[in-house]
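Just so we're aligned, residue 729 is where the sequence shown starts under the working numbering, counting upward by one. Backbone N, C-alpha and C define an ideal beta-carbon position, used for all residues, glycine too. Single-structure report; data block below.
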Amino acid sequence: MSLEKMELINRELSWLEFNQRVLDEAIDSRVPLLERLKFLAITSSNLDEFFMVRVGGLSILLKEGVTTTDPRGMTPLKQLETISSRVRRMVTAQYNCFHRSLIPQLNRAGIELLIGDTCTTEQENYAKQYFNDELLPVLSPMAIDEAEPFPLLRNMGLNLAVRLKDTTKPGGKNWKCAIVPIPPNLDRLVRMPSPTHASFMPIGRIIQRHINQLFYGEEILETSVFRITRNADMRVREDLAPDLMSGMEAILLQRKFSQCVRLEIDRRATPVLLAFLKSTLKIPDRSIYKINGFLDLACMMRLASIDGFDEHKYETREPLPSPDLDVKLDIMDQIAKRDILLCHPYEAYDPVIKLVEDAARDPQVLAIKQILYRTSRNSPIIRALKHAAEQGKYVTVVVELKARFDEARNIEWAKELEYAGVQVIYGVKNLKTHAKLCLIVRREPQGVVRYVHFGTGNYNEKTARLYSDISYMTCKDEYGFDASSFMNAITGYSQPRPLLKLASAPFDLRDRILDLIEGEIERKKQGQKAHIMAKMNALVDPAIIRALYRASHAGVKIQLNVRGICCLRPGVKGLSTNITVTSIVDRYLEHSRIFYFLHGGEKNLFIASADWMPRNLDRRVELLIPVEDPDCHAKLLNLLYACLRDNVKSRRILGDGTFQKPPRLRSNLFRCQDRLYLQLKDALEKANQLKRSELEPQKPFGDT
């Protein structure tokens, strides 16, 4: 294999190592018990999406006969085989953790999972009544006729395969098969009576225990729970679809019939049943996963959130109000005085919501323009935008219909906004609009002023409590000009105008990053100090990776914090000696993108909506935003330093793509998410003390 092929780590295997880091949190006995269960559920949910998208994409390439290799030199078939081997080790580790560690500890904590055959008489009677009252009326067995097409099974849906004795075929196959789909709107875990525990039985286990009632008079040979994963890596052909809305609706329909890329089945299934399903689903051995009893660990997320067991969770940590502004006052008036930078989820997301709500109510606001990639189910942002349009304001919203797995919700929002009078733009043809931007145009005594919110995360107040992201709000002229030019390029046919401060993908964002890296290389060659720090979710782009290798070779110090996929090989002699990469997995999902370049002492600092990946830089509409305000700059740089200092929840990425945990030092422990929260509490207390020290005259009674 050429040196060029050896320079990069396979992105799929790197992602699996990220999921292993999440799994390590479930295995770690120092993590609270229910948080461990939550991390285990996340690893299962992550794998579901990995198979739907990444394995789905490779399966398409294999089906089309593609034999070209990835940057690591692996064909699609080789990647699928390697993935299968790695995932099997991960699934074994998941279920070892679940059965050997979590279930016994949950039981001792007072939470009982009835996944075996043992239960009390009271529980057995309750399960029987539950089956008769709740399940029997809704379940619909499907007889399988081998002469007919196999029935359509829902993606990720739970099913029960039932093998029945067949006496109608003497001398031939003496069994027949039926499938019982389990409706998705039923609770996966059913609460059972218990005087001592919060007790739960899987719904599939209840159905199995009473399956005879569905097949009266039949001899049941075996039952087995299984589910399939379908390929979801489909993209609308925008050049062929009559319009994007109908094209996306067609994609959603197409996913229901797509190729099966994974079969998960109880490992106790007989070879006869397994061979039958393999043949009917047309799935190779590498895509079959025999599971140790309980399928779909993602549903344990509900159990991890159970009330009454707070001692087994992380301590409650509500987002704090920002010491830099007051949500009781008009947000735009405060932005007019100084730029505001918020670090979520440490600082509450309320000011972002209130910014849009204030704009919707303010009679001086002329227009609101916003990009929505993902939103919450009952979004206050959506409500505010609808209200603004109903008040006669000019409201333009770019709704990205191609946001994977949120397509249906975004289609619904787009229609609602249009009905309210909002001008809705369905993204940019052949690109995903992923930038996070809200532009508010307000008439003021000195003229029209543009207020801008830039973000690294979605306009979703729910995930803002769980994801670490940055909000940057300003009304400086150059930022407002750039935001207007950027929005006009998206919503109209105009070519992007040269931007004063921002860089955008797919136009000049990669070039700006490469220029900044080259600037550090040149300064190092001239004997100056050179330093690059970056925090992102993924590092895949070959051009940027090779530029970082050149910078390392020149002696530039490079510190990277990459949460997920990292195709760069750090710390390799002669290639990346001066590059270190760490990854943090903790109670919050690290999601912000922050980039720092020493730049001869100027300390250029940026936030971005984009990771360093070809999809972000070539196939998405993204933004890179410089943070120049001194106070905001210092606050953001402090956050970046904290992430790079973490020696508790960070993992060091090694040159082969694996990782190692930091040594457990007896002193000088630094957990960045805890430290940032405590820093904010201290800053808030100081701000409150300052307010209390200011004397405010009491107004006379009745004075308004």
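{"Check": "Start-end ranges of the beta strand (DSSP E) lying completely within the region 1305-1373, minimum 3 residues", "Outcome": "1307-1312, 1322-1325, 1332-1336, 1348-1354"}
{"Check": "Residue interval of the beta strand (DSSP E) (run including Asp-994)", "Outcome": "988-994"}
{"Check": "Residues of its chain near Phe-1004, where Cβ-Cβ distance is below 7 angstroms and the 5 sequence neighbours each way are ignored", "Outcome": "Cys-905"}
{"Check": "Euclidean distance between Cα positions of Met-870 and Lys-1143", "Outcome": "37 angstroms"}
{"Check": "Alpha helix (DSSP H) segments (min. 4 residues) lying fully within the region 1162-1244", "Outcome": "1205-1219"}
{"Check": "Per-residue burial, Asn-1396 [other beta carbons within 10 Å of its own, 16 or more giving buried]", "Outcome": "exposed"}
{"Check": "Own chain residues within Cβ distance below 6 angstroms of Ile-1153, not counting five before or after", "Outcome": "Val-1126, Thr-1219"}
{"Check": "Any chain C beta carbon closer than 8 angstroms to Glu-1135", "Outcome": "Absence of chain C from the displayed structure is noted, only one protein chain being present."}
{"Check": "Inter-residue Cα distance where the pair is Val-1313 and Gln-1119", "Outcome": "44 angstroms"}
{"Check": "Segments of 3+ residues assigned as beta strand (DSSP E) that fall wholly inside the region 781-833", "Outcome": "none"}
{"Check": "Status (buried if at least 16 other CB within 10 Å, exposed otherwise) for Thr-1191", "Outcome": "buried"}
{"Check": "Neighbourhood of Lys-750 by C-beta, 8 angstroms cutoff - its chain only, sequence neighbours within 5 removed", "Outcome": "Here residue 750 turns out to be Val, not Lys, going by the sequence shown. The residues are Phe-767, Ile-770, Thr-771, Asn-774, Val-1313."}
{"Check": "Cβ-Cβ separation, Thr-1161 to Val-1180 (assumed contact under 8 angstroms), whole Å", "Outcome": "Wrong, their Cβ atoms sit about 16 angstroms apart, outside the cutoff."}
{"Check": "Other residues of its chain near Leu-1351: CB distance less than 6 angstroms, five sequence neighbours each side excluded", "Outcome": "Ala-1163, Leu-1230, Ser-1232, Ser-1337"}
{"Check": "Unbroken beta strand (DSSP E) run spanning Asp-904, endpoints", "Outcome": "Going by the sequence as given, residue 904 is Lys instead of Asp. Note, Lys-904: beta strand (DSSP E), 903-909."}
{"Check": "Val-794, buried or exposed, once every other Cβ within 10 Å from all chains shown has been counted against 16", "Outcome": "exposed"}
{"Check": "Euclidean distance between Cα positions of Phe-1037 and Gln-833", "Outcome": "13 angstroms"}
{"Check": "Buried versus exposed call for Gly-1292 [16 or more other C-beta atoms within 10 Å across all chains shown]", "Outcome": "buried"}
{"Check": "Reduced DSSP category for Cys-1027 - H, G, I as helix; E, B as strand; rest coil", "Outcome": "helix"}
{"Check": "Residue range of the alpha helix (DSSP H) that includes Ser-952", "Outcome": "Segment 948-958 is the beta strand (DSSP E) holding Ser-952; no alpha helix (DSSP H) there."}
{"Check": "Nearest residue (CA-CA) to Ile-993, options Ile-1016, Lys-1056, His-1040, Arg-1045", "Outcome": "Ile-1016"}
{"Check": "Per-residue DSSP class, three states only, for Glu-1075", "Outcome": "strand"}
{"Check": "Endpoints, alpha helix (DSSP H) assigned at Pro-999", "Outcome": "999-1009"}
{"Check": "Cβ pair Leu-1001, Glu-1085 closer than 8 angstroms", "Outcome": "no"}
{"Check": "Close-in-space but distant-in-sequence residues of the same chain around Leu-1094 (CB under 8 angstroms, 5 per side omitted)", "Outcome": "Lys-1121, Tyr-1122, Val-1169, Arg-1170, Arg-1171, Val-1176"}
{"Check": "Segment limits, alpha helix (DSSP H) that includes Ala-887", "Outcome": "Contrary to the premise, residue 887 reads as Asn rather than Ala in this sequence. Segment 886-893 is the beta strand (DSSP E) holding Asn-887; no alpha helix (DSSP H) there."}
{"Check": "Sequence ranges, alpha helix (DSSP H) only - wholly within the region 1244-1285, length at least 4", "Outcome": "1270-1282"}
{"Check": "Span separating the alpha-carbon of Thr-1044 from that of Gln-1401", "Outcome": "14 angstroms"}
{"Check": "Contact set for His-1115: own chain, Cβ-Cβ below 7 angstroms, skip 5 residues either direction", "Outcome": "Ala-1088"}
{"Check": "Whether Gln-807 touches Asn-738 by CB criterion (8 angstroms)", "Outcome": "yes"}
{"Check": "Beta-bridge pairing of Tyr-1122 - partner residues as DSSP gives them", "Outcome": "Ala-1095"}
{"Check": "Touching by the beta-carbon criterion (3+ pairs, under 8 angstroms), the region 1062-1081 and the region 791-805", "Outcome": "no"}
{"Check": "Phe-928: first and last residue of the uninterrupted beta strand (DSSP E) it sits in", "Outcome": "926-930"}
{"Check": "CA nearest to the CA of Ala-1411, picked from Pro-1051, Glu-763, Ala-1362", "Outcome": "Pro-1051"}
{"Check": "Cβ-Cβ separation, Ile-934 to Val-918 (assumed contact under 8 angstroms), whole Å", "Outcome": "6 angstroms"}
{"Check": "For Ala-1148, three-class secondary structure by DSSP", "Outcome": "coil"}
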